[in-house]
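Peer 1: Residue numbers (the numbering used here), protein chains in the order written: chain C, 1 to 229; chain X, 1 to 229.
(1) Does any residue of chain X bring its CB to less than 8 Å from the CB of residue 202 (chain C)?
(2) Can residue 123 (chain C) and residue 83 (chain C) be called in contact, C-beta distance under 8 Å?
(3) Run the CB neighbour count on residue 87 (chain X), radius 10 Å, all protein chains shown included, and call it buried at 16 or more, exposed below.
(4) Which stretch, first to last residue, makes up the alpha helix (DSSP H) that contains residue 71 (chain X)?
(5) Counting only beta-carbon separations shorter than 8 Å, does residue 74 (chain C) have a partner in chain X?
(6) Between the region 155–169 of chain X and chain C, which residues of the former have a C-beta closer than 9 Å to a C-beta of the latter?
(7) Could you compute how far the alpha carbon of residue 205 (chain X) sits from the alpha carbon of residue 194 (chain X)?
(8) Using alpha carbons as the reference points, say which of X:97, X:117 and X:132 lies closest to residue 103 (chain X).
(9) Between the Cα of residue 191 (chain C) and the Cα atoms of C:67, C:139, C:80 and C:114, which residue gives the shortest distance?
(10) So, is residue 2 (chain C) buried or exposed, given that buried needs 16 or more other C-beta atoms within 10 angstroms?
(11) Please classify residue 23 (chain X) as buried or exposed, where buried requires at least 16 neighbouring CB atoms within 10 angstroms.
(12) Checking 8 Å against the spacing of the C-beta atoms, do residue 40 (chain C) and residue 50 (chain C) come in under that value?
(13) Quick check on residue 32 (chain X) - is its C-beta less than 8 Å from some C-beta in chain C?
(14) The beta strand (DSSP E) spanning residue 243 (chain X) covers which residue range?
(15) Relative to the C-alpha of residue 60 (chain X), which residue among X:216, X:217, X:94 and X:224 is closest?
(16) Spatial neighbours of residue 13 (chain X) within its chain, please: C-beta separation below 8 Å, excluding the five flanking residues on both sides.
(17) Leaving aside the five residues before and after residue 223 (chain X) along the sequence, list all residues of the same chain whose C-beta is less than 8 Å from its C-beta, in chain order.
(18) Is there a C-beta anywhere in chain C that falls below 8 Å from the one on residue 49 (chain X)?
(19) Residues of the region 122–150 of chain X in Cβ contact with chain C at a cutoff of 8 Å, in chain order, please.
(20) Do you know how far the Cα of residue 162 (chain X) is from the Cα of residue 169 (chain X)?
(21) Grab the span of the beta strand (DSSP E) containing residue 42 (chain C) for me, first residue to last.
(22) Terminal residues of the continuous alpha helix (DSSP H) containing residue 143 (chain C)?
(23) Could you check which residue in X:167, X:210 and X:164 has the C-alpha nearest to that of residue 181 (chain X)?
(24) If we ignore side chains and look at the alpha-carbon of each, how far apart do residue 212 (chain C) and residue 66 (chain X) end up?
(25) List the endpoints of the continuous alpha helix (DSSP H) containing residue 184 (chain C).
(26) Relative to the C-alpha of residue 153 (chain X), which candidate in X:142, X:179, X:144 and X:137 has its C-alpha closest?
(27) Relative to chain C, which residues along the region 95–110 of chain X have a C-beta separation below 7 Å, given in chain order?
(28) Is residue 44 (chain X) close to chain C, meaning its C-beta is less than 8 Å from at least one C-beta of that chain?
(29) DSSP three-state label for residue 77 (chain X), please.
(30) List the residues of chain C that residue 19 (chain X) touches, going by C-beta distances under 8 Å, in chain order.
(31) Run through chain X and tell me which residues come within less than 8 Å of residue 195 (chain C), C-beta to C-beta.
(32) Taking only beta-carbon positions, decide if residue 22 (chain C) is within less than 8 Å of chain X.
(33) Which partner residues does residue 213 (chain X) have in the DSSP bridge list?
(34) Looking at the strands, I want to know which residues DSSP matches up with residue 2 (chain C).
(35) At least one CB of chain C closer than 8 Å to the CB of residue 220 (chain X): is that the case?
(36) Closer than 7 Å by beta-carbon distance: list the chain X residues that pair up with residue 8 (chain C), in chain order.
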């Protein structure tokens, strides 16, 4: 089975998906086997412009066009290698010619399996400020807690100024951990969703007082199950 | 303009192409601009089986199928991010719906511009043992020198056992440099073509007594010219 990936949002994360998909696939199928993939790498700036303008109809149109390219290139399943564009996932899923794997739905299942009732969401300002995580999680009876406004602004700006460019600093890492620690103390969160594909590059489980949900890892694990069927 | 890439041959090299295309593109267009790319990542083992079986007709059929996927996904130009499959380049070029950029032809132009008359070719056993580099270069009046049989076997096996898996050792690097030095002394080569996309990972210009032609760099530079038009 061939898988399609909508990538470029950003490129660092696309490389991370690509390498991890191959590694996880080979753990099951052996070092000499390789998955067949087709990756559509979009212009991140144009996609972010649509999100900034809240032009979600056009965002869905653009992403659906790419999904159709993947499908016409023989991909039988696809995913978007980025959290933020999942704000239009339902629209895409309704119109896609092939099954799509949602990073939000898969993360929700994993939280449920871990008996989580209250979980923090870190991600871009778009992801934390939208309701697409909340909608999926509330149906599963899980409460999503987002950081305070200033914390959200800090996380958003460091993702784009540092993580998207592969810049990982101890300073930014510690600032994220202070936010997590505050939410553990004040909000009694039981876990943290790393709801941006760049966040696992900086936040590791050993540093956190609560369980971290690596959405990329969860997303890839689900894809691998399809690919090795 | 959107570019198509046939990748996965191997994955390490595909990531290298992807990162370098974005970096070179942004050097011209600015850090906030991103090229639109579509990457078809093939199962390297299957492709190598066809090459091992000398089933070049089927190799061309498979690659052409992938090129057509890229074209139907709106790519207006494409390249194969690997030297070895260029053994069927002319057949692909004759049948492709979009222009293809040949790593061999572009390297030949670069050698000619550098006033090279005699150049060594390092690559996989397939690349060194085939005539597709020779054919293009002889038309330009440039003589291709390949290493001796034992040297070719050594280069081939270390490419697949080490470089394809990201393993870079001082030992293998020095063994390559001994081969280059012998060819400089005995064959009077004026340069060396790094005719495998993994070789620039281990051989650097500073280590070599003659000019190294990084075929990946040459290939990407030509693509960038198209993308920024």
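Yeah, the Cβ is synthetic: ideal placement off N, Cα and C, and Gly gets one too.
Peer 2: Checking against the coordinates, here is how it stands:
(1) Taking the first chain and counting its residues from 1, one reaches residue 202 (chain C) at position 202. Chain X, which has no Cβ nearer than 8 Å to the Cβ of residue 202 (chain C), makes this no.
(2) Here residue 123 (chain C) refers to the residue found at position 123 when the first chain is read from its first residue. Here residue 83 (chain C) refers to the residue found at position 83 when the first chain is read from its first residue. Yes. Within cutoff.
(3) For the purposes of this step, residue 87 (chain X) is taken as residue 87 along the second chain, with counting starting at 1. Buried is the call here.
(4) Residue mapping note: residue 71 (chain X) aligns to position 71 of the second chain, counting from 1. It spans 56–72 - the alpha helix (DSSP H) in which residue 71 (chain X) sits, taken as one unbroken run.
(5) Against the first chain, residue 74 (chain C) aligns to sequence position 74. Taking Cβ atoms only, chain X reaches closer than 8 Å to residue 74 (chain C), which makes this a yes.
(6) 165
(7) Taking the second chain and counting its residues from 1, one reaches residue 205 (chain X) at position 205. Taking the second chain and counting its residues from 1, one reaches residue 194 (chain X) at position 194. Going by the C-alpha atoms only, they are around 11 Å apart.
(8) The residue you call residue 103 (chain X) lines up with position 103 of the second chain. Selected option, being the one with the closest Cα: X:132.
(9) Working through the first chain from its first residue, we reach residue 191 (chain C) at position 191. Of C:67, C:139, C:80 and C:114, the residue nearest in Cα terms is C:114.
(10) Start at 1 with the first residue of the first chain, and residue 2 (chain C) comes out as number 2. With 16 or more other Cβ atoms within 10 Å, it is buried.
(11) Working through the second chain from its first residue, we reach residue 23 (chain X) at position 23. Counting Cβ neighbours within 10 Å, residue 23 (chain X) comes out exposed, since fewer than 16 surround it.
(12) As a working note, residue 40 (chain C) is residue 40 in the first chain. As a working note, residue 50 (chain C) is residue 50 in the first chain. No, the Cβ-Cβ distance between residue 40 (chain C) and residue 50 (chain C) is not below 8 Å.
(13) Locating residue 32 (chain X) in the second chain gives position 32, where the first residue counts as 1. Yes - at least one Cβ of chain C is within 8 Å of the one on residue 32 (chain X).
(14) There is no way to answer for residue 243 (chain X), as the model of chain X reaches only from 1 to 229.
(15) Residue 60 (chain X) sits at position 60 when you count from the first residue of the second chain. Of X:216, X:217, X:94 and X:224, the residue nearest in Cα terms is X:94.
(16) Within the second chain, residue 13 (chain X) is the residue found at index 13, counting from 1. Correct list, in chain order: 7, 81, 82, 197, 198 and 216.
(17) On the second chain, residue 223 (chain X) is found 223 positions in, with the first residue counted as 1. Only 3, 21, 77, 79 and 101 meet the Cβ criterion.
(18) Counting from one through the second chain, the residue named residue 49 (chain X) turns up at place 49. For residue 49 (chain X), the answer is no, since every Cβ of chain C falls outside 8 Å of its Cβ.
(19) none
(20) Looking up residue 169 (chain X) in the second chain gives position 169. Looking up residue 162 (chain X) in the second chain gives position 162. Cα to Cα, residue 169 (chain X) sits roughly 8 Å from residue 162 (chain X).
(21) Walking along the first chain from the start, residue 42 (chain C) turns up at place 42. Neither: residue 42 (chain C) is in no beta strand (DSSP E) and is coded neither H nor E.
(22) Locating residue 143 (chain C) in the first chain gives position 143, where the first residue counts as 1. Premise fails: residue 143 (chain C) lies in the beta strand (DSSP E), 143–145, not in any alpha helix (DSSP H).
(23) As a working note, residue 181 (chain X) is residue 181 in the second chain. Checked all of X:167, X:210 and X:164; the closest Cα to residue 181 (chain X) is X:210.
(24) For the purposes of this step, residue 212 (chain C) is taken as residue 212 along the first chain, with counting starting at 1. For the purposes of this step, residue 66 (chain X) is taken as residue 66 along the second chain, with counting starting at 1. Looking at the two C-alpha atoms, the distance is approximately 39 Å.
(25) Along the first chain, read from residue 1 onward, the residue named residue 184 (chain C) stands at position 184. Here the alpha helix (DSSP H) through residue 184 (chain C) covers 170–187.
(26) Locating residue 153 (chain X) in the second chain gives position 153, counting from the first residue. Closest option to residue 153 (chain X), Cα to Cα, is X:179.
(27) none
(28) In the second chain, residue 44 (chain X) corresponds to position 44, counting from 1. Chain C contact via Cβ: present.
(29) The residue you call residue 77 (chain X) lines up with position 77 of the second chain. Strand at residue 77 (chain X).
(30) Here the question's residue 19 (chain X) lines up with position 19 in the second chain. Per Cβ cutoff of 8 Å: 11 and 15.
(31) Start at 1 with the first residue of the first chain, and residue 195 (chain C) comes out as number 195. Result: empty, since nearest Cβ-Cβ is about 22 Å, beyond 8 Å.
(32) The residue you call residue 22 (chain C) lines up with position 22 of the first chain. Yes, residue 22 (chain C) counts as interfacial toward chain X.
(33) Against the second chain, residue 213 (chain X) aligns to sequence position 213. DSSP, once it has assigned bridges, lists X:193 as partnering residue 213 (chain X).
(34) Numbered from 1 along the first chain, position 2 holds the residue referred to as residue 2 (chain C). The partner list for residue 2 (chain C) (beta bridge, DSSP) reads C:36.
(35) As a working note, residue 220 (chain X) is residue 220 in the second chain. Residue 220 (chain X) does not count as touching chain C.
(36) What you label residue 8 (chain C) is simply residue 8 of the first chain in a count that begins at 1. Going along chain X in sequence order, the residues near residue 8 (chain C) (Cβ under 7 Å) are 34.
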